[in-house]
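Below: one structure, written as structure tokens.
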Amino acid sequence: MIRPGKMLRQVLKSIFKKPATTRYPFIKSAMPENFRGKIVFHPERCIGCRMCMRDCPSNAIVIKKVGEKQFEAEFDLGKCIYCAQCVDSCLKKALESSKDFELAAIDRKTLKVKFGADDKRST
Amino acid sequence: MKNVVIPIGPQHPALKEPESFNVMLSGERIMAFSARLGYNHRGIEKACEDRTYTQDVYLTERICGICSHSHSTCFVQAVEEIAGAVVSKRALYIRTLIGELERVHSHLLWLGVAGHEVGFDTLLMYTWRDREVVMDILALLTGNRVNYGINTIGGVRRDVAPAQAKQVLKAVNTLEERTKYYIEVATQEATLINRLSGVGILPKEDAIALGAVGPTARASGVDRDVRRDDPYAAYDEMAFKVITDGHCDVYGRTLVRMGELMESYKIIRQVLEKMPEGPLTVKVPRKIPAGEAVSRYEAPRGEDVHYVKSNGTEKPERVKVRAPTLANMQNVSKMLEDRQLADLPIVIAAIDPCFSCTDRTTLINDMSGKETKSMSWPDLRLHGIEWYRSQGIDFSKLNKKLAERADRV
Amino acid sequence: MITNALFSILVFPGFCFLFIFGLAAEFIDRKAYARLQNRVGPPWFQPGADFIKLISKEDVLPEEANPRMFKAMPIFALTAAVTAFFYIPLWTTNAMYSFNGDLIVVLYLLTIPTLTFFLGGWYSTSLYSKIGAVRSLTQLFAYEVPMLMSILAPALLAGTWSLSEMSLFYSQHPWYWLSNMLGFGIALISLLGKLEKVPFDIPEAETEIVAGTFTEYSGRLFGLFRLGIDIENVVGASLLAAVYLPFGITSLPILSFAIYLCKVIFIILLMTLMRSLFARFRIDQMLDFCWRFLSPLAFVQVLLSLALKGFIAK
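In the order they appear, the protein sequences are chains A, B and C. In my numbering, each residue's number is its place in the first sequence (first place is 1) plus 54. In my numbering, each residue's number is its place in the second sequence (first place is 1) plus 200. In my numbering, each residue's number is its place in the third sequence (first place is 1) plus 27.
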């Protein structure tokens, strides 16, 4: 039956329900398990094949050799599109996605993140 | 009031993306309508030629935010056809699942936008609240809420675990209930029906002649759907109806989209039930042999066509994308004949425009045989100033004022 | 004598009271609107913060606009709305100033804001403003007649043209106001048209003509316009409360004041509910609706009041 005000009941019920808004940033919702956030580099597993550099769509990762079988990775978080193709391309699983996505910065220089060769864990 | 030409866009609260429409009005009646596209042109087709096929998967995904899986799948299907790769069944099923979830996402978003364009903000808030359910499910399955990145040449990158499948089914049940409520609202709310009925009429012959695709055409009774006529992914094993409607107006398009939502829930359930076991990818060499292929996909907005030409190297030679909005755009001036200004936003919103998908360059052969020239940046700027001067707009006063202000500072 | 008058005009229940009440009413409206849509809504100081921010910004005048008319319109709107308040009986049966015929004066004063929207939009010379201005005036022709007729009906029953005397009549004859409920409904819908709220916010349709009349207004002038609209909300709701809900005037001033506040907030919440339920009308649909549906009903209400008056006189 066509009448105006069809949503009346739903709308009045909403007064008694909790609002559907999450009060970010006071309450943060958890991201699911395979969320593609910031990339984390494990330098001890890297063999320097540079497949990740070849496959990165935006040239955001640069692998540099700093010693015998020691490599460091530099990410440009501004260029990265968080597609995790490097994670898939790495033959030795030296890269993985974390759930970190709050990466906004005021200074562009802080967006270049370096994972040094002697960091045994992610920073 | 004599005839005025009013610009809708490029910046306008009614438009989600920049495009320029010039409407000639006499009072409230629309006398003439002309469209100018191209504000979102980013040179994607050229950029595709500079990157390898793997990188191009992500680039084509970012042609549009909400048809992202459509573009990426369409591209990947074309490349796999040239390479002669046979993708495993499980990968095809997962592509279908994500494609249908994307359709649900897109149609819920459209419902909210349509409500907003007619001033019904409550519908906007409710449908976008339910859209969060879909986005959470997509984040669970693929790792991101938009731009899913699930395709790769040869298959898909992520698997669907049984626990995830259960969550998807639960979400689909919730969404089905809510969609039934929205169908009730759309068919019974008198003020909404008054704004949507009789607006933007496109008779069936005109829809076929002007090349409408997708829900815009199906609402005029044209029975075309790429999923049924030219099945790709796993659609040849799914049972679903193609929704058409005879209303030929915006109300019909609303009904078609909501019917498609219900069909999508059915397809998602079938996919999860029948998902076969198997590998996720097949190995495809980096250098694709020379060849060309055309692939089609039913995006939420209509038929999406990709053409890929390869030449034996790692990078494609030519990629051409024909987005559905380009086909639907030409129908808008027909739909707006003899209507009022108040109908314009909802008519444009009813074809579900996605101008990011649409803007590509077309090379027009200059029949007069004159030489083509390329312009440098300063030349282009002078050309713009000359063009505006020929239209009667003079920048010299403004430039003088700006110079004075800069001197004072 | 004159300090008393100045106090009641400028402070209470005049401008300062209206200022605070107007902003509070906007907060209640926006918070209720958000809650009806399952959202959180703004905090209590939001309208005040908006006003302060707008006042502190620069106003930009379009080059081809008429500067004097452009700047004067918001002040006229604000003043007219505030002046109309003085003749409405609030929590006593006597308004601040009353005379026979002040009902018509109040209705005229409430039309002035609409006229300023039209003139402000016209003298902005921007295309969007002109279309919004013309729509605003067209809408005036639609809702004004049902509103006048439906406010006339209780006045006919009371047999007077003065709002204060009407209020006195209804407090002496309790339960008579129940016969005006049809008029209450019609006046509520017409008030939505006057205040340009959905479903009648056609002159300011954001998705069609940017902001209609207010497209070129910014900074202080826009702040004053918005304050004027907020105060018009309160004044319109008070008028409806005084005409259709004239009960609850007791001898305790505090109690009457509280009842008055409750009545006005009730009417504002009713308008918020209607705002959230309907889509926007098109201008031709609105004219159709008002002339074919509302006006005959208002006429019926007038006839009902006349019949009832004849009945009582016997």
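Don't be surprised by glycine CBs; every beta carbon is placed ideally from N, CA and C.
Provide the residue(s) that pair with K509(B) in DSSP beta bridges, ordered along the chain.
E492(B), R518(B)
For P213(B), does the three-state DSSP call read helix, strand or coil?
coil
Selected residue, minimal CA-CA separation from L333(C), among F112(C), S177(C), A111(C), S194(C):
S177(C)
Which residues of chain B have a Cβ atom closer than 8 angstroms to the Cβ of A232(C), listed in chain order?
G319, A542
Between G284(B) and the ligand MN, is there a pair consisting of the residue's CB and a ligand heavy atom that are separated by less than 7 angstroms?
The ligand MN is not among the ligands present in this structure, which contains no ligands whatsoever.
Supposed contact pair K98(C) and L219(C) - C-beta distance, whole angstroms, cut 8 angstroms:
Actually they are not in contact, since the Cβ atoms of L219(C) and K98(C) sit about 29 angstroms apart, beyond 8 angstroms.
State the Cα-Cα distance for the pair G421(B) and H271(B), rounded to the nearest angstrom.
26 angstroms
Buried or exposed for C43(C), going by 16 or more other Cβ atoms inside 10 Å?
exposed
Against Y451(B), what residues of chain A qualify as contacts under a CB-to-CB distance less than 7 angstroms, listed in chain order?
Ordered by position in chain A, no residue passes the 7 angstroms Cβ test against Y451(B), which lies about 12 angstroms from the chain.
Along chain A, in chain order, which residues have C-beta atoms closer than 7 angstroms to that of R358(B)?
N88
Whose Cβ in chain A lies nearer than 8 angstroms to the Cβ of N344(B)?
F89, R90, Y136
Quick check: the segment 327-339 of chain B against the segment 245-264 of chain B, are there 3 or more CB pairs under 8 angstroms?
no
Residues in the same chain with beta-carbon distance under 7 angstroms from I292(C), minus the five sequence neighbours each way, listed in chain order, please.
I55
So what does DSSP say about Q540(B), is it helix, strand or coil?
strand
8 angstroms Cβ cut-off: residues of chain A touching V339(B):
A small correction: the amino acid at residue 339(B) is Ala; Val does not occupy that position in the sequence shown. Within chain A, the residues near A339(B) are M85, P86, F89.
Give a yes or no on contact between the segment 548-560 of chain B and the segment 525-538 of chain B, applying the rule of three or more CB pairs nearer than 8 angstroms.
yes
Report yes or no: is there a C-beta of chain A within less than 8 angstroms of the C-beta of Y258(B)?
yes
Residue(s) in a DSSP beta bridge with Q124(A):
G121(A)
Any chain B beta carbon closer than 8 angstroms to R253(C):
no
With distances taken from CA atoms, which of E223(C), G41(C), I276(C) is nearest F144(C)?
E223(C)
Could you tell me whether the segment 87-94 of chain C touches the segment 112-125 of chain C, where touching means 3 or more Cβ pairs closer than 8 angstroms?
no
Between which two residues does the beta strand (DSSP E) containing M224(B) stretch?
220-226
So which residues of chain B does Q64(C) contact, with C-beta pairs closer than 8 angstroms?
D321, T322, M325, Y326
Are the CB atoms of I236(C) and Y155(C) within a distance shorter than 8 angstroms?
yes
What is the DSSP secondary structure of I29(C), reduced to helix, strand or coil?
helix
Is A160(C) close to chain B? Criterion is C-beta to C-beta, closer than 8 angstroms.
no
Beta carbon of I282(B) nearer than 8 angstroms to that of P489(B):
yes
Interface positions of the segment 100-112 of chain A facing chain B (Cβ-Cβ less than 9 angstroms), listed along the chain
R108, D109, C110, P111, S112
What is the DSSP secondary structure of I230(B), counted as helix, strand or coil?
strand
Quick one, are the C-beta atoms of V279(B) and Y253(B) less than 8 angstroms apart?
yes
Taking only the alpha-carbon atoms, compute the straight-line gap between G147(C) and K157(C) and give it to the nearest angstrom.
9 angstroms
Any beta-carbon of chain A closer than 8 angstroms to the one on L304(C)?
yes
Could you tell me whether the Cβ of K67(A) comes closer than 8 angstroms to any Cβ of chain B?
no
Buried/exposed call for T177(A), threshold 16 Cβ in 10 Å:
In this prediction, T177(A) has a pLDDT of 40, which is less than 50 and means its spatial position is unreliable; what the coordinates show is noted afterwards. Label assigned to T177(A): exposed.
Put R428(B) into one of helix, strand or coil per three-state DSSP.
helix
A140(A) and L149(A): beta carbons closer than 8 angstroms?
What sits at residue 140(A) in the sequence shown is Cys, not Ala. Going by C-beta atoms, C140(A) is nearer than 8 angstroms to L149(A).
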